[in-house]
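Enquirer: For reference, the structure I am asking about is given below.
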Amino acid sequence: MTILYLHGLESKLSPEKRTVLERFGAVIAPDLDYYSNPNVYDLLLKMNEEYQFDVAIGSSMGGFMGYYIANTILCPALLFNPALPHRPVPQSIPAINPSKSASLLHFALGAQDEVIKANDNLKWLAENRLPYTDFKISIHKQMEHHIPLGIFEIEVTEFFRQMELLK
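Following this line, the structure appears as structure tokens:
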């Protein structure tokens, strides 16, 4: 299993979270500069040619990018507080073909997130629902924009369990 992990704007994958992910497969976590490279999407598609990602996992801006990559390469995705309703930096992304989309999109949202409000994501998801994709949405009442390790571990474990059930 090859896991693509996409960090947020000003963050990186912590060693503790990498350890959680490594229980499920090989982790590819590129260091991305969303500010100076508006073509991160194209870079990730090129990386997919080499690594053949099985899943995409991302947080914030990485969750935004993970949404589009997953729906292009047709892999399941786990997205923490994705910057779907509004993104702080411009990125070139394609339109999604609703008849060809990821099989599973699992969203973990923080009810206390003031950066990307859970309700804004819920509204965006309702307006942009993909008819052939299973959505799973978790809203953590105490979670802010930062993802605590415990919640990260719970959501990652549940995501991979869901993938097994969908096989």
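Each residue of the sequence shown is one higher than the one before, counting from 61 in the numbering used here. All residues carry an ideal CB built from backbone N, CA and C; glycine is no exception.
When you compare only the Cα positions, how much space is there between D194 and Y65?
Expert: Numbered from its first residue, the sequence shown carries residue 194 at position 134. Numbered from its first residue, the sequence shown carries residue 65 at position 5. Distance between the alpha carbons of D194 and Y65 is about 20 Å.
Enquirer: Using the C-alpha atoms, what's the distance from K106 back to A116?
Expert: For the purposes of this step, residue 116 is taken as residue 56 along the sequence shown, with counting starting at 1. For the purposes of this step, residue 106 is taken as residue 46 along the sequence shown, with counting starting at 1. Near 15 Å, if we compare the C-alpha coordinates of K106 and A116.
Enquirer: Tell me the rounded alpha-carbon separation between Y192 and R221.
Expert: To locate residue 192, count along the sequence shown from 1; it is residue 132. To locate residue 221, count along the sequence shown from 1; it is residue 161. Each residue's Cα considered, the two are about 20 Å apart.
Enquirer: Name the one or two DSSP bridge partners that S198 has.
Expert: Here residue 198 refers to the residue found at position 138 when the sequence shown is read from its first residue. DSSP, once it has assigned bridges, lists A168 as partnering S198.
Enquirer: Cβ atoms of F212 and K77: under 8 Å apart, would you say?
Expert: As a working mapping, residue 77 is identified with position 17 in the sequence shown. As a working mapping, residue 212 is identified with position 152 in the sequence shown. In contact: K77 and F212 (Cβ atoms closer than 8 Å).
Enquirer: So, helix, strand or coil for Y153, using DSSP?
Expert: Stepping through the sequence shown from its first residue, residue 153 is reached at position 93. According to the sequence displayed, residue 153 carries Ile and not Tyr. If DSSP states are grouped into helix, strand and coil, I153 belongs with coil.
Enquirer: Do G123 and N141 have their beta-carbon atoms positioned less than 8 Å apart in this structure?
Expert: As a working mapping, residue 141 is identified with position 81 in the sequence shown. As a working mapping, residue 123 is identified with position 63 in the sequence shown. In contact: N141 and G123 (Cβ atoms closer than 8 Å).
Enquirer: Bridge partners for V115 per DSSP, in chain order?
Expert: One-based indexing of the sequence shown puts residue 115 at position 55. Answer is I63, bridged to V115.
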